[in-house]
Amino acid sequence: MKWLMGLLALLIVVAGASAYLWRGELAVRLVERAARQGIEASLKTELPDGLHALFCGTGSPLPDRARAGPCLAVIAGQHVFVFDAGEGASETLALMGVSQGDIEAVFLTHLHSDHFDGLAPLALQHWATASATAPLNVVGPVGAARVAAGLNEAYAIDAGYRTAHHGPEIMPPSGAGLLAREFVVPAADGETLVVHDADGVRILAFRVDHAPTDAVGYRVEYGGRVLVISGDTSRSPSLTAAARGADLLVHEVISPRLDRIIHDAAIGAGRENVGAIFNDILDYHTSPADAGAVAQEAGVGALALTHFLPQTPIRGLARVFVDEAKRSFPGPVWAMRDGDVISLPRAGGVRRSHHLRF
Ligand SMILES: [Zn+2]
Ligand SMILES: [Zn+2]
Numbered sequence: 010m011k012w013l014m015g016l017l018a019l020l021i022v023v024a025g026a027s028a029y030l031w032r033g034e035l036a037v038r039l040v041e042r043a044a045r046q047g048i049e050a051s052l053k054t055e056l057p058d059g060l061h062a063l064f065c066g067t068g069s070p071l072p073d074r075a076r077a078g079p080c081l082a083v084i085a086g087q088h089v090f091v092f093d094a095g096e097g098a099s100e101t102l103a104l105m106g107v108s109q110g111d112i113e114a115v116f117l118t119h120l121h122s123d124h125f126d127g128l129a130p131l132a133l134q135h136w137a138t139a140s141a142t143a144p145l146n147v148v149g150p151v152g153a154a155r156v157a158a159g160l161n162e163a164y165a166i167d168a169g170y171r172t173a174h175h176g177p178e179i180m181p182p183s184g185a186g187l188l189a190r191e192f193v194v195p196a197a198d199g200e201t202l203v204v205h206d207a208d209g210v211r212i213l214a215f216r217v218d219h220a221p222t223d224a225v226g227y228r229v230e231y232g233g234r235v236l237v238i239s240g241d242t243s244r245s246p247s248l249t250a251a252a253r254g255a256d257l258l259v260h261e262v263i264s265p266r267l268d269r270i271i272h273d274a275a276i277g278a279g280r281e282n283v284g285a286i287f288n289d290i291l292d293y294h295t296s297p298a299d300a301g302a303v304a305q306e307a308g309v310g311a312l313a314l315t316h317f318l319p320q321t322p323i324r325g326l327a328r329v330f331v332d333e334a335k336r337s338f339p340g341p342v343w344a345m346r347d348g349d350v351i352s353l354p355r356a357g358g359v360r361r362s363h364h365l366r367f
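Basically the numbering used here = 1-based index in the sequence shown + 9.
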């Protein structure tokens with residue numbers, strides 16, 4: 010018996026040593042398989058007909074390695090749209106299996122830089138992955154065209170290099186960059202503006218309260234299902250009106266309790282400027298309690314929290330936001346992570362899944 014145990018131990022050591030020695034080769038084999046699967050896979054074709062919210066960035070301007078900047082992709086039937094493109098949005102979409110060549114338009118909620126600083130990488134991937142012959146469409150409040158023109162100028166030299174290197178068939182010069190369409194933000198609460206209406210997909214913009222910016226939220230309708238995106242806002246009656254009866258409300262949040270901890274730490278360290286910023290941001294974002302109250306008043310089916318302020322570097326911290334929102338909204342409340350998908354199939358129901366590949 011003893012010799013058998015000895016032999017087993019020896020085998021385990023030998024297997025361990027070979028795995029260690031061959032770990033590079035094993036990793037290459039894994040990458041081979043993942044590359045084949047990755048190039049064939051498309052999340053769009055895997056999901057059932059319906060409206061799907063893909064969380065491609067659940068963070069804020071504050072540093073959080075686990076969360077890209079603000080980004081929500083929406084698949085409506087076979088159509089793909091993106092709402093805001095913060096830093097890391099393009100990379101997260103790629104890791105979720107979304108082909109960026111499929112994106113029909115990016116809708117901006119407002120022109121705070123953290124909501125568009127991932128736009129240029131998105132435009133590059135839109136161009137490169139599909140050899141696009143037209144630029145990526147960007148739709149947003151007045152000022153969006155100036156942002157697009159600036160980014161196009163900043164990336165013009167790069168675009169020239171790419172066409173020169175790969176040739177105009179692979180990188181057609183006409184497909185580089187962004188093409189903007191602006192709209193005037195509706196002035197009154199309760200007023201909506203149709204910004205897209207084609208093939209059964211309707212997208213409406215409505216004003217929210219994020220002064221001094223001109224900011225909107227969006228309502229997306231497809232196949233009898235509705236999802237509403239708050240954008241950045243303090244508690245807004247206009248949002249409540251637009252979200253009425255929606256299946257899903259995707260809402261930004263700031264935790265006054267956690268914000269206060271950072272504010273006090275900054276003041277304690279003599280960093281008055283940082284303290285002032287953490288004080289100022291409270292007045293144009295929404296607490297989880299208020300997000301829950303909006304969800305309750307609008308009678309939505311479920312509440313998805315995103316754009317976490319401050320950041321949530323410790324696992325479990327997102328629970329603080331959920332627990333507070335649950336006190337004012339009895340329905341499902343979820344703290345979203347990058348890679349999460351909430352599906353509203355045409356056939357009914359709500360499904361949650363996670364799609365972050367390595
Ligand atoms: Zn903002
Ligand atoms: Zn923001």
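Beta carbons: idealized from backbone N, C-alpha and C, even for Gly.
Residue i - containing alpha helix (DSSP H), residue span
i, result
"Y170", "A165 to H175"
"E100", "A98 to L104"
"Y29", "K11 to L30"
"F330", "A327 to K335"
"E178", "Unbroken run through E178: none, as it is neither H nor E."
"T54", "L52 to E55"
Residue burial classification, residue i (beta-carbon count within 10 angstroms, cutoff 16)
i, result
"L13", "exposed"
"I21", "exposed"
"W343", "buried"
"P57", "exposed"
"L35", "exposed"
"A224", "buried"
"A157", "buried"
"Q134", "buried"
"G149", "buried"
"G78", "buried"
"D208", "exposed"
"T54", "exposed"
"H175", "exposed"
"A26", "exposed"
"L160", "buried"
"W136", "buried"
"I112", "buried"
"R234", "buried"
"V89", "buried"
"S99", "buried"
"A197", "exposed"
"G127", "buried"
"A252", "buried"
"D289", "exposed"
"D349", "buried"
"I238", "buried"
"A189", "buried"
"G254", "exposed"
First and last residue of the uninterrupted beta strand (DSSP E) at residue i
i, result
"H61", "G59 to G66"
"L188", "L187 to F192"
"V342", "V342 to A344"
Beta-bridge partners of residue i, as assigned by DSSP
i, result
"S362", "V350"
"D289", "Answer by DSSP bridge pairing: none, since D289 is not bridged."
"D206", "R211"
"A85", "L60 and H88"
"I112", "V89"
"L318", "I263"
"E230", "R211 and V235"
"V217", "A224"
"A313", "V259 and W343"
Supposed contact pair residue j and residue i - C-beta distance, whole angstroms, cut 8 angstroms
i, j, result
"L213", "Y227", "7 angstroms"
"T142", "S108", "About 16 angstroms; that fails the 8 angstroms criterion."
"Y170", "A129", "15 angstroms between Cβ atoms; not a contact."
"V309", "L258", "4 angstroms"
"T242", "V217", "4 angstroms"
"A313", "A62", "7 angstroms"
"V151", "L187", "At roughly 16 angstroms, the Cβ-Cβ gap does not stay under 8 angstroms, so V151 and L187 are not in contact."
"S337", "S352", "Not a contact, Cβ separation roughly 25 angstroms."
"F64", "T315", "6 angstroms"
"V262", "L326", "Not really, about 12 angstroms apart at Cβ, beyond 8 angstroms."
"A300", "A334", "5 angstroms"
"Q320", "P72", "6 angstroms"
"V115", "V91", "5 angstroms"
"T67", "D347", "5 angstroms"
"V204", "F215", "Rounded, the Cβ-Cβ distance is 10 angstroms, inconsistent with contact."
"L60", "L236", "6 angstroms"
"G106", "P144", "With a Cβ gap of about 24 angstroms, G106 and P144 do not count as contacting."
CB contact check: residue i to chain B, cutoff 9 angstroms
i, result
"L187", "The structure shown contains no chain B, having only a single protein chain."
Practice problem: Could I get the ranges of all uninterrupted alpha helix (DSSP H) runs contained in the segment 232-308, with 4 residues as the minimum, in chain order? | Solution: Listed in chain order, they are 246-251, 265-277, 281-289 and 297-307.
Quiz prompt | 4-residue-minimum alpha helix (DSSP H) runs that sit fully inside the segment 127-165, ordered along the chain | solution = If one requires a minimum length of 4 residues, the alpha helix (DSSP H) runs lying completely within the segment 127-165 are 128-139 and 153-163, in chain order.
Exercise. Please list, following the chain, all residues that have a C-beta closer than 6 angstroms to any non-hydrogen atom of ligand 4.
Key: You won't find ligand 4 in this model; what it holds is ligand 1 and ligand 2.
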